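Just so you know, the protein sequences line up as chains A and L, in that order.
According to my numbering, the first sequence is numbered sequentially starting from 93.
According to my numbering, the second sequence is numbered sequentially starting from 426.
In this text, a Cβ means the ideal position worked out from N, Cα and C, and glycines have one as well.
Keep in mind the model is a prediction, meaning the values are calculated, not measured.
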Amino acid sequence: MSVRRLAPAAQQPASFTFADDSRAKAQWWLTKYPEARRASAVIPILWLVQKQEGWLSKPAIEAVAEMLGMPQIRVLEIATFYTMFNLEPVGKYLLQLCGTTPCMLRGAEDLKTICKHMIGPKGATSADGNFTWIEVECLGACVNAPMIQINDYFYEDLSPEILEDILKRLAAGETVPPGNFVRRDTSAPEGHALTLIDERLYDGSRGGPITLPNAPEKLPANADGGNG
Amino acid sequence: MVRLIVDSVEIDVPGEMNLLQACEIAGAEIPRFCYHERLSVAGNCRMCLVEVKGAPKPVASCAQQVRDQRPGPNGEPPVILTTSALVRKARAGVMEFLLANHPLDCPICDQGGECDLQDQAMAFGRARTRFDETKRAVEEKHFGPLIKTEMTRCIQCTRCVRFATEVAGVPELGATGRGEDMEITTWLDQVVTSELSGNLIDLCPVGALTSRPYAFNARPWELRKTESVDVMDGLGSAIRVDARGQAVLRILPRINEAVNEEWISDKARFIWDGLARQRLDRPMLRENGRLRPAEWAEALALAAQRLSAPAGSVAAIAGDLANVEGMKALLDLLNSLGIQNRDCRSAGERPGAGPREGYLFNSRLAGVEAMDALLLIGTDPRREAAVLNARIRKAWLSGQLARIAQVGVATDLTYPVEDLGTGPDILEALAAGTHPFFGVLDKARRPGLILGAAATARPDGARILRLAGTIAARAGLVLHANVEDGPWNGFNVLHANAARVGGLDLGFLPGAGGRDRESIVTGAQQGSVETVLLLHCDEIDGKDLGTAFVIYVGSHGDAGASRADLILPAAAFTEQNGLFVNTEGRIQEARRAVFPKGEAREDWAIFRALSAQMGKVLPYDSQGQLRKQLALDHKAFAGAMGDPAFNPEALGELGPVDAIPFAPAPNFWLTNPVARASRTMVECAAGARRSVSQAAE
């Protein structure tokens, strides 16, 4: 992690206004809390702003602070605390590439090479403004490693070829449905089930008492029947 | 009360105390960084860990209340251990983590010698480091001309954030980022805009926030410490003056719960460089339009000659920084000469004549915390008495002081204020009982009003005083002992300067048929007042004194000295022992920390010498004798109690008031000659102007 600051002045827009639908959604959040506790809505509203703009600019933070009656620094504290808030502009598609151990073992490094090749260095936005890629820690989809989160959704079981294809289709303006990209049901084994396939599991014939080889010898019960 | 056993000492403490306080009562020392008695509990430094018998791991004693402790299985009191092996190990571990990222720059750090981290590392830390990795470095921050930042040293205790948000009421500081990247900063690196910002320096347990003007000046063990009181406003905050040789190098607060708790305003803290600049260090007299140095004998002879003119043509005005002894000696001299033209209300304020309650802050400063409704009249406590303003805010935060209203120019006072209007005409409606806020005061159990003394410095001032008194009388602000709920006196006059109440207690007011401040000025313009003596008085524009011969007795070359025809150099408040009476009538002594500059003399000694020159020798040869005389002549200095039948409705004079708005408070930074001579204060004033003009853009 590195120090998180507001984007440099040159990148900051002159102003920020809530779009009608974000304003309406913000109002919904505001009604959840008592007037004096409006500040409680700060995270959902910052998220709405990020949905609308893709990132949190200085004027946007000021607008949220004003909406919630908070000092600006309080909003900045939150925006800098949570790394999911982008403090700099990102492309239309934000790729969060998981680089943690399971994904790394399953080929995340190769995906990085594709990203570097097709988009550019980590954190940079592609020339067409479509893509930004960053490396993140575990997103909790290790069974479908390697994976990338593109905007809100998980794209799983990727290979360099599949990722290349996804990026090309997204760049062409297509919609690519999220999910896993090999033939399997969610995180079930590819093709067919490989475990729990013994029929006897399901007709009850596998059931029955078992004896552990290193269990302690059974002693005769105490006359009181108690153990203390 | 809950019984606890702390290190085998059995104590009974109130349940709402935290363990840290309980341990201190039991005599155990608990190290801490983030915990501070006057701030909310953050519990993030973990230095105050103690062992609670039965708890699975050490607990942060600042964040656990006594009443939450579980008794033993047979009802024994909970047992707290503060010196066990577990506690020692926990402290050493916490200290190791705190030091992991703390630079080893103690030799060049201004906090060195008075650093909590240094002291506690010595007392509770490990002897050697096991840390091999690189330390973090934090980008510089800019907190303005008063606070020097070195944020690499910060240990993220967040005391400064909590002070700014809670006490100062300027939520401008925050902690951005997290983990190792957590930084204390302001929004867009803006300057902290509080009149109390200097207290951040005291609160900071390490050298992250230090005093910029004092930077690299001295080590604490080189300084000679003198306990004194502040004279920059009317509160008389308790201060400690630190000097090395003959130079005052810094001013720090002392704790006085009844006055300033442990805060002082930036003006009190940072004017010390003004004590060494623009000083009058030898007598001077004007010849052919230019001042030239003179000997004391020559100067005193000239002064004596001028003062022995017919009494009606001589006048004296005592100003904002005059101590009681100086005014007493001058008053006695004037009396022996029959001079009736005299006034200590150098800004032209009206409160003064009549009982002491008519010009005091009667509820006392701490009484603000008992109030449940407050009316501010023509006063801006944030600028006129910054520490009092923090107390008003504290009362508001506690929920006790629910309604605060203001008549005067609205400014940000750091708490919500109902704006009733800008001019004194609103007071007529309040006094008549027709204004809704009158009902609020009337219903309140402990109502109060604060009348800015400076707000009465206008032609209808005496009538404003009467209206304020009328409101106080009719809304039940003054309850005598025989009343249910009494006694209570919520009629408060806030003086913005240190000298005034002392002068009023002396009766440094026009004698029979004498001129007051306004009349002295008009008399000087018309030529009927030929000699004006100004004692530490720079509140009068020199041009207003016409062609009168001006004798200036004071410490700084400012408005008074530049107009003066004769200058008798006097000691500043850090150079002489002198009494000051604060706005609530508390008599306190400002003590000598260094010797007067050059040939300057103590105020009272100048008038004693002058009296000898004139053959009217004053009946005291030492300050001790003078103080004895003071107690004999003035009952306020003999411990007299107040007037039991004080009636605020009799103050001032009856008559209509103008609708002209009250004047806004003068520039906080530059209200007196010492502050105006201070480079730091001038820089602050310039910075404040800049930020105002930026805000306007």
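So, for residue i: in the same chain, excluding its five sequence neighbours on each side, which residues have a beta-carbon less than 7 Å away from its beta-carbon?
i	result
R988/L	G967, L970, V975
Y185/A	N222, F223, I242, N243, L262
L1051/L	E750, K753, A754, W1029, Y1045
Going by Cα to Cα distance, which pick from the options is closest to residue i?
i	options	result
R679/L	S662/L, A741/L, A672/L	S662/L
A719/L	T999/L, K1053/L, L993/L	L993/L
P861/L	I664/L, I829/L, P776/L, C769/L	I829/L
L231/A	L160/A, A200/A, A131/A	A200/A
L634/L	E1000/L, N1007/L, W913/L, E608/L	E608/L
M587/L	E501/L, A754/L, C459/L, E687/L	Sequence inspection shows Arg at residue 587/L; the Met mentioned does not correspond to that position. Of the candidates E501/L, A754/L, C459/L, E687/L, the one whose C-alpha sits nearest the C-alpha of R587/L is C459/L.
E686/L	K819/L, R767/L, K573/L	K819/L
F998/L	I696/L, R707/L, H920/L, L813/L	I696/L
R129/A	K117/A, M162/A, A116/A	M162/A
Just to confirm the assignment, what range does the alpha helix (DSSP H) spanning residue i have?
i	result
V957/L	No alpha helix (DSSP H) contains V957/L, which is instead part of the beta strand (DSSP E) from 956 to 960.
E154/A	150 to 160
L756/L	749 to 762
C195/A	193 to 197
M547/L	541 to 549
L138/A	134 to 145
G497/L	Here G497/L belongs to no alpha helix (DSSP H), and DSSP marks it neither H nor E.
A447/L	444 to 450
G864/L	861 to 868
R261/A	252 to 263
E723/L	721 to 732
W121/A	112 to 123
Quick one: grab the DSSP three-state call for residue i.
i	result
E435/L	strand
R883/L	coil
F1032/L	helix
C629/L	coil
D405/L	Shown here, chain L extends from 426 to 1122; a query on residue 405/L therefore has no answer.
F641/L	coil
N469/L	coil
W913/L	strand
G873/L	strand
M709/L	strand
A1121/L	A caution first: A1121/L carries a pLDDT of 49, below 50, which makes its placement in the model unreliable, though a value can still be read off. Note: A1121/L maps to helix in three-state DSSP.
W688/L	coil
C534/L	coil
Hey, is residue i's beta-carbon within less than 8 Å of any beta-carbon in chain A?
i	result
W1029/L	no
W612/L	yes
A562/L	no
E584/L	Note that residue 584/L is Arg in the sequence shown here, rather than Glu. R584/L does not count as touching chain A.
D606/L	yes
V842/L	no
R686/L	A small fix is needed here, since residue 686/L is Glu in this sequence, not Arg. Closer than 8 Å: no.
R679/L	no
Would you kindly report the start and end of the unbroken beta strand (DSSP E) that includes residue i?
i	result
G599/L	598 to 601
K482/L	Taken as a continuous stretch (DSSP letters only), K482/L belongs to no beta strand (DSSP E), as it is neither H nor E.
A672/L	672 to 678
D667/L	663 to 669
W225/A	223 to 228
Q951/L	Counting along the chain, Q951/L falls outside any beta strand (DSSP E), though it belongs to the alpha helix (DSSP H) covering 942 to 951.
P718/L	715 to 718
Would residue i count as contacting chain L if we go by Cβ distances under 8 Å?
i	result
R96/A	yes
T192/A	no
I137/A	no
L172/A	In the sequence as displayed, the identity of residue 172/A is Thr instead of Leu. For T172/A, the answer is yes, since a Cβ of chain L falls inside 8 Å of its Cβ.
E169/A	yes
I242/A	no
Sorted by chain position, which residues of the same chain lie with C-beta nearer than 6 Å to residue i's C-beta, five sequence neighbours on each side aside?
i	result
G378/L	In the structure displayed, chain L extends from 426 to 1122; residue 378/L sits before or after that span and is not available.
E1074/L	G894, T895, A898
L677/L	R665
R669/L	A643, E647, L648
C195/A	A237, P238
A1110/L	N1092, W1094, L1095
Cutting at 8 Å between CB atoms, please list the residues of its own chain near residue i, excluding the five before and the five after it.
i	result
E435/L	R428, L429, P502
D837/L	R807
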